[in-house]
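Each residue of the first sequence is one higher than the one before, starting from 93 at the first, in the numbering used here. Note that CB positions come from ideal geometry on N, CA and C, so glycine has one too. Predicted model, so just to flag it, every value in this text is computed and none were measured. Notes follow the structure.
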Amino acid sequence: MIDPALLRENPDAIKASQRARGADESLVDDAAKADVAWRKALLEFENLRAEQNAASKLVASAPKEEKAALVASMQELSDRVKAADAAASQAQVELDEVLWKIENVVVDGVPVGGEDDYVVLREVGTKPAFDFEARDHVALGELLDVIDIERGAKISGSRFYFLKGWGARLELALMNMALDQASAAGFTALITPTLVRPEIMAGTGFLGSHADEIYYLPADELYLTGTSEVALAGYHRDEIVDLSEGPVRYAGWSTCYRREAGSHGRDTRGILRVHQFNKLEMFSYCDPADAEAEHARLLAWQEEMLQKCELPYRVIDVAAGDLGSSAARKFDAEAWVPTQGTYRELTSTSNCTTFQARRLNVRYRRDEGKTATLATLNGTLATTRWLVAILENHQQADGSVRIPVALRPYLGGTEFITPKVRA
RNA sequence: GGAGAAUUCGCCUAGUGGCCUAUGGCGCGCGCUUGGAAAGCGCGUUGAGUGCAAGCUCUCGGGGGUUCGAAUCCCCCAUUCUCCGCCA
């Protein structure tokens with residue numbers, strides 16, 4: 093939710109942001125109107141309630157024989173209080189309805205436009221030049237017996253798979269390397285619940301336009317999360333978080349579930365787009381004044397991981413129209429996928445400023461002791477999808493795959509996965 | 001699955017319709033005292049909304065109801081604990 097104070101002080105800033113996103117600008121005027129109406133209704137109710145409270149004290153202290161008359165005279169006031177209360181509640185509902193529709197105010201400098209209007213910030217690493225016919229990760233997965241897509245489909249349908257042998261070990265190695273790096277940077281490891289209640293799903297902003305992307309278990313009224321961000325953001329719901337020692341950071345590991353309802357026919361081959369995968373997610377609670385700096389730190393940690401995996405990648409500054417509603421800015425790091433001749437997203441990091449925290453009521457104490465809404469940020473540190481880039485970029489002519497040096501300690505020192513070796 | 005008990009400020013706790021603008025303790029903060037500390041004493045210590053402000057309003061797990069008036073009575077929901085049953 094946007095900051096109501098900003099709505100009163102500088103509605104034009106919100107309008108400019110909506111414009112940059114290609115979103116509805118008129119919502120801002122609607123919200124301002126609803127805000128005025130709500131405050132008026134609230135004042136009316138509070139004045140009547142004050143009157144009632146005062147009169148109620150008289151009844152309490154009145155002699156018995158006068159009570160009946162006093163009580164009778166207060167019934168009409170009581171009705172008016174009830175009506176005013178209902179009107180104020182209704183006005184607040186109407187205000188919230190509009191406020192929740194307005195997306196987060198983008199950070200200055202975010203590229204204007206839609207999906208294709210991203211700005212490439214940098215390209216890092218050298219794309220591999222193969223002097224043989226490169227195999228894609230599906231072919232490599234079969235050859236090395238590390239990814240079993242056929243049997244995944246047999247037991248669960250399309251977009252499911254088994255990671256097998258060195259494939260399973262490679263993913264665990266990747267996650268462990270990421271967790272070690274995160275722990276060294278001060279993140280607390282969390283293995284999170286993947287089934288959450290509706291209000292948590294709504295509070296994190298995932299039940300909006302993308303609700304059909306989410307698995308739902310009606311018998312239990314629980315949602316399967318598509319990212320541990322949901323649990324990590326909900327973790328401190330309704331709490332005052334101690335930020336006196338700097339940002340509070342969590343590295344959340346979980347399996348992620350996505351229906352991929354709107355992507356029929358896209359990335360149907362392999363494990364690039366699947367219904368179930370694992371992810372280690374960074375999540376940071378911090379002082380809003382520090383949020384942009386923290387965003388840069390999250391991106392730096394992501395790049396460190398990509399470099400340790402010896403992957404060529406580029407970083408893009410995602411355009412306003414392609415941001416999620418909670419994000420004020422988003423950087424994606426995309427790794428080169430040789431057989432597709434293009435970059436594919438491996439990590440994404442969003443600065444949600446106070447937008448998400450306001451919905452979930454997460455605050456911190458400022459130096460003066462006052463409470464204020466804090467900022468939340470998130471970013472991918474490793475996912476199953478990384479295996480695609482690792483397998484394809486490090487493949488050799490004979491179909492074996494070279495393990496990046498930094499990952500080897502997590503695989504018992506193994507340097508190559510070869511077609512003959514089994515885990 | 002069944003039965004019962006509970007949920008009050010960071011923690012523990014008092015409170016059975018109006019004197020609750022919620023008790024007491026622990027902890028924490030400030031001060032007095034002290035050579036310094038402990039003890040002791042005094043003051044403060046849930047948050048939120050609105051308003052320029054004084055103030056007013058809300059907040060006793062959440063929501064609804066009864067009532068002139070609800071921490072207190074009723075209903076629904078959540079969570080925790082205990083017992084019984086069933087299962088690994």
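CB-CB length for residue i against residue j, believed under 8 Å
i, j, result
"C378", "A419", "Not really, about 15 Å apart at Cβ, beyond 8 Å."
"A481", "L438", "6 Å"
"N470", "E321", "5 Å"
"R113", "G413", "5 Å"
"T431", "A221", "14 Å between Cβ atoms; not a contact."
"R548", "L364", "Nothing about residue 548 can be read from this structure; the chain reaches only from 93 to 515."
"L391", "T441", "5 Å"
"D140", "A179", "Looking at the sequence itself, residue 140 is Leu, so the reference to Asp does not match. So it is not a contact: roughly 11 Å between Cβ atoms."
"E267", "L499", "Going by the sequence as given, residue 267 is Met instead of Glu. Not a contact, Cβ separation roughly 11 Å."
Three-state secondary structure (DSSP) of residue i
i, result
"V513", "For V513, the pLDDT reaches just 49, beneath the cut-off of 50, and the residue's location in the model is therefore unreliable, although a value from the coordinates is still provided. V513: coil per DSSP, three-state reduction."
"S336", "coil"
"V211", "strand"
"Y307", "coil"
"K462", "coil"
"S250", "coil"
"R455", "strand"
"G326", "helix"
"R500", "helix"
"A353", "coil"
"R365", "coil"
"R341", "strand"
"S346", "strand"
"R243", "helix"
"L99", "helix"
"F222", "coil"
"E358", "Here residue 358 turns out to be Arg, not Glu, going by the sequence shown. In this structure, R358 counts as coil in the three-state DSSP scheme."
"T286", "coil"
Residue i: first and last residue of the uninterrupted alpha helix (DSSP H) it sits in
i, result
"L187", "156-193"
"I94", "Taken as a continuous stretch (DSSP letters only), I94 belongs to no alpha helix (DSSP H), as it is neither H nor E."
"K125", "118-153"
"I482", "478-485"
"R291", "Rather than Arg, the amino acid found at residue 291 in this sequence is Glu. Counting along the chain, the alpha helix (DSSP H) containing E291 begins and ends at 290-295."
"R113", "103-113"
"N75", "In the structure as shown, the chain begins at 93 and stops at 515. Residue 75 is therefore absent and cannot be evaluated."
"N443", "Counting along the chain, N443 falls outside any alpha helix (DSSP H), though it belongs to the beta strand (DSSP E) covering 434-443."
"V230", "229-235"
"A388", "383-400"
"L271", "258-276"
Short Cβ contact (8 Å threshold) for residue i with residue j
i, j, result
"L372", "W393", "no"
"T446", "T465", "yes"
"V366", "Y502", "no"
"A323", "P285", "yes"
"A474", "M397", "yes"
"W192", "I509", "no"
"V204", "A105", "no"
"E186", "A245", "no"
"A425", "V454", "no"
"K219", "D240", "no"
"L232", "L483", "yes"
"V288", "L271", "no"
"G206", "A411", "yes"
"A183", "A129", "yes"
"I194", "I332", "no"
"R263", "L479", "Residue identity check: residue 263 is Glu in the sequence provided, not Arg. The answer is yes: Cβ separation under 8 Å."
"L150", "L135", "no"
"H87", "R421", "Because the chain here runs from 93 to 515, residue 87 falls outside it and cannot be looked at."
"A343", "A385", "no"
Where the beta strand (DSSP E) containing residue i begins and where it ends
i, result
"M374", "368-378"
"D424", "421-429"
"D409", "405-409"
"L282", "280-283"
"L299", "That residue, L299, is in no beta strand (DSSP E); it is neither H nor E in DSSP."
"L316", "314-316"
With a threshold of 8 Å, are at least 3 pairs of Cβ atoms found where one atom belongs to the stretch 483-502 and the other to the stretch 353-373? no
Would the stretch 346-357 count as touching the stretch 382-391 if we require 3 or more Cβ pairs under 8 Å? no
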